[in-house]
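Residue numbers (the numbering used here): 1465 to 1607.
Where a beta carbon is used, it is the ideal one built from N, C-alpha and C, also for glycine.
Remember, it's a predicted structure, so these values are computed and weren't measured experimentally.
Notes follow once the structure below has been shown.
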Amino acid sequence: MNKDNDFINAVGDMLASWNLSRATGRVYGALLLEDAPVSLDHLGTTVKLSKGQVSTSSRELVAWGLARTIPQPGSRRVLVEATTGLETLLEASQRRARALVDALASGRELIAHDSHAGQRLEDVIALFDGYVRAGDQILHPRT
């Protein structure tokens, strides 16, 4: 196996640990190695996945802020490229964490605040809210 494949598989395994599919991680790994935006067909050949799997993986990467698609004028085809910078990844993570905090907060009305379950819920909300605040400080430091 060559070094490119080792890298692509390692990224696939890493993103699988983040609850993304291994295929999505492999597509991301391949995108990181490309100098320019590439077609879904090219990605499919590189990672040995079907165009459908590559398309689904690309959409997932776009949703996470790890890739962007570039429409081709006069065609339904798109090119895909990895986004740049840690900020993009952190911002995507922040959006997901905020959504989780909001979802958790909606559970407050379902349980008594002074109960064990109520305290546990508040602890979890505080944990993720702290994560969001720390991320905001990294993304938008006060000068």
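Practice item. Can you check DSSP and say which residues form a bridge with T1533? Key: To locate residue 1533, count along the sequence shown from 1; it is residue 69. T1533 pairs with V1544.
**Study point:** Contact belief for I1575 with A1581 at Cβ below 8 angstroms, rounded distance in angstroms
**Key:** One-based indexing of the sequence shown puts residue 1575 at position 111. One-based indexing of the sequence shown puts residue 1581 at position 117. Right, the Cβ-Cβ distance comes to about 5 angstroms (below 8 angstroms), so this counts as a contact.
Exercise for review: Within the same chain, show all residues whose beta-carbon is closer than 7 angstroms to that of A1546, passing over the 5 residues directly before and after it, in chain order.
Suggested key: Walking along the sequence shown from the start, residue 1546 turns up at place 82. Contacts found: Y1492, L1495, L1496, L1530, A1531.
Practice item. Identify, in the order they occur along the chain, each residue of the same chain with its Cβ nearer than 8 angstroms to the Cβ of Q1536, setting aside the five sequence neighbours on each side. Key: Within the sequence shown, numbered from 1, the residue matching residue 1536 stands at position 72. Closer than 8 angstroms at Cβ, skipping near neighbours: V1542, L1543.
Check your understanding: Does the count of Cβ pairs from the region 1588 to 1607 and the region 1558 to 1571 closer than 8 angstroms reach three?
Key -> yes
Point to revise | Residue interval of the alpha helix (DSSP H) (run including S1522) | key: As a working mapping, residue 1522 is identified with position 58 in the sequence shown. First-last of the alpha helix (DSSP H) with S1522: 1515 to 1528.
Point to revise | Pick from S1485, R1572, P1605 that is closest to L1525, judged by C-alpha positions | key: Residue mapping note: residue 1525 aligns to position 61 of the sequence shown, counting from 1. Selected option, being the one with the closest Cα: S1485.
Exercise for review: Return the chain-ordered ranges of every alpha helix (DSSP H) run that is complete within the region 1478 to 1512 and spans a minimum of 4 residues.
Suggested key: 1486 to 1496, 1504 to 1511
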